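Once you know that position 192 of the sequence shown is 237 in the numbering used here, the rest is easy, because the numbers rise by one and skip nothing.
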Amino acid sequence: MSLKMLPEESRPREKLLARGAQSLSDAELLAIFLRTGLQGMNAIELADFLLREFGSLRSLLSSTQTEFCSHKGLGSAKFAQLQAVVEMTKRYLAETLKRGDALTSPEQTKHYLSSVLRDRHREAFYVLFLDNQHRVISDEVLFEGTIDAASVYPREVVKRAMHHNAAALILAHNHPSGVAEPSDADRRITRRLVDAMALVDIRILDHFVVGDGEVVSFAERGWM
């Protein structure tokens with residue numbers, strides 16, 4: 046059935062405008078993005094089919110171009126559009142974080158770090174550089190390692206912190222295994238970095254570990 050034949054309140058675009066984006070299902074949101082369906086399949090039916098094929102909305106959003114374009118109804122133009130949507134989301138979260146105090150919005154910080162790190166296939170060590178009011182000056186991936194570990198060099202973190210004239214740092218890294226629980230090695234390198242930064246009077250406020258569905262805060266565990 047064509048979307049035009051559905052009652053107006055059941056059409057994704059009209060429903061979004063009337064009730065807000067949060068009222069839509071994953072399939073309905075994806076249908077708005079797709080705009081059109083295929084022969085014998087309207088946009089909502091195509092969206093539902095794709096979500097079942099990929100397993101989840103997240104898997105679709107993080108798919109490679111080859112994976113994405115191998116499904117009927119999807120091509121390089123839609124892949125480019127999707128990547129633009131994903132990147133705009135990351136930049137929106139980054140902008141929101143940089144406008145305020147990272148410590149007064151821990152959930153916003155977790156959302157942003159998760160968007161940057163969660164779907165990486167290799168471990169990455171990420172740093173938020175903060176001014177003396179704990180506002181974000183800059184952020185960088187400083188180290189990338191194998192799927193199991195990243196080699197983190199305190200002198201390089203000190204160098205980048207001095208470059209940005211940072212007063213404080215928030216650290217983060219991902220666990221490609223999907224398990225966010227910090228390891229003993231994570232706690233050891235955090236302690237080394239805290240000690241190294243103390244020599245140049247720069248505080249480390251927190252260290253987040255990003256997993257598949259959880260972000261663990263060292264500060265919340267009482268480890269900082």
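In this text, a Cβ means the ideal position worked out from N, Cα and C, and glycines have one as well.
It should be emphasised that the depicted structure is a prediction, and the values quoted were computed from it without experimental measurement.
Pull up the DSSP beta-bridge partners for residue i, would you.
i: N219; result: V255
i: I270; result: Summary: the structure shown does not reach residue 270, with the chain confined to residues 46 through 269, and so no result is reported for it.
i: V161; result: Paired residues: none, contrary to the question.
i: M86; result: L83
i: L250; result: Per DSSP, none; premise fails for L250.
Would you kindly check if the distance between the Cβ of residue j and the Cβ of residue i is under 9 Å?
i: R163; j: G190; result: no
i: V181; j: L238; result: no
i: M242; j: I234; result: no
i: L96; j: A72; result: yes
i: L175; j: A213; result: yes
i: A225; j: V260; result: yes
i: F253; j: H220; result: no
i: L79; j: A92; result: yes
Of the choices the options, whose alpha-carbon is the least far from that of residue i?
i: S115; options: Q128, V130, F99, R103; result: F99
i: R232; options: T109, V131, M269; result: M269
Answer with buried or exposed for residue i, where buried requires no fewer than 16 other C-beta atoms within 10 angstroms of its C-beta.
i: Y157; result: buried
i: Y171; result: buried
i: D251; result: buried
i: R136; result: exposed
i: K60; result: buried
i: T40; result: The structure shown does not extend to residue 40, since the chain is modelled only from 46 through 269, so no value can be given for it.
i: A76; result: buried
- In chain order, which alpha helix (DSSP H) runs of at least 4 residues are fully inside the segment 94 to 133? List check, alpha helix (DSSP H) in window: 102 to 106, 110 to 114.
- Item | Minimum length 4: unbroken alpha helix (DSSP H) runs contained in the segment 195 to 247 | Counting whole runs of 4 or more residues, the segment 195 to 247 contains the alpha helix (DSSP H) stretches 199 to 208, 229 to 243.
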